[in-house]
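Residue numbers (the numbering used here): 1 to 202.
Beta carbons: idealized from backbone N, C-alpha and C, even for Gly.
For clarity, every value in this text was computed on a predicted model and none was experimentally measured.
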């Protein structure tokens, strides 16, 4: 029993925009701080316009011809962009997979312990990779491993569902369980949700 892997979205820095003297184009399509289009202006004239207002000239569309530049508070703009990027990363899906290993001749006590671990992981909204490890002559009876995996799936069906059916891989048989909608909910809440779903189906 150990965490298998957690894949999180990479943290990407917010791209730096060209501002003020770093703008290379000789002229820009100028937008003022209120979003009004001021037309095409020489870059130096556009910078002076921004300076007179105590703001920055920021190139917001470098691929346009000429580039589009906007008058703004660049520090505030960059902070807002970083917050948006942080929020987007937070909402991206995280893939969290735990792994549990069993033997085909596992005892009742050990089975219940392992089942408890599976239930805890599912209630944490993690996927669980369950591996049956065969040794020696056990490999000639793969059906025992399959039966054990299906028994486990049945025992945790309220909070877990099979996402990958039992598959023999060399000396191992692997099944992947994923959390159901009820996983992580209190028992009473889960029962109420199941009742509502059955009523909707009638």
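List the endpoints of the continuous beta strand (DSSP E) containing residue i.
i           : result
residue 149 : Looking at the DSSP string, residue 149 is not in any beta strand (DSSP E); the run it does join, the alpha helix (DSSP H), is 142-155.
residue 131 : 127-133
residue 22  : Element bounds for residue 22: n/a, residue is neither H nor E.
residue 30  : 27-31
Please name the residue in the options whose C-alpha comes closest to that of residue i.
i           : options               : result
residue 180 : 168, 170, 172 and 163 : 163
residue 138 : 79, 19 and 170        : 170
residue 63  : 141, 24, 172 and 147  : 24
residue 143 : 21, 105 and 83        : 105
residue 119 : 160, 108 and 135      : 160
residue 65  : 72, 87 and 40         : 40
residue 125 : 185, 153, 141 and 21  : 185
residue 167 : 148, 155 and 81       : 148
residue 101 : 53, 80, 117 and 35    : 117
residue 16  : 37, 77 and 26         : 77
residue 204 : 67, 37 and 72         : The structure shown does not extend to residue 204, since the chain is modelled only from 1 through 202, so no value can be given for it.
residue 156 : 21, 140, 111 and 88   : 111
Does the beta-carbon distance from residue i to residue j come in below 7 Å?
i           : j           : result
residue 69  : residue 57  : yes
residue 60  : residue 43  : no
residue 158 : residue 129 : no
residue 46  : residue 123 : no
residue 150 : residue 103 : no
residue 96  : residue 131 : no
residue 115 : residue 178 : no
residue 213 : residue 79  : For the chain, the structure presents residues 1 to 202; residue 213 sits outside this window and is missing.
Name the DSSP bridge partner or partners of residue i?
i           : result
residue 172 : 133 and 169
residue 61  : 68
residue 179 : 160
residue 56  : 72
I'd like the span of the alpha helix (DSSP H) that includes residue i, first residue to last.
i           : result
residue 38  : Per DSSP, residue 38 belongs to no alpha helix (DSSP H); it is in the beta strand (DSSP E), 37-42.
residue 119 : 108-123
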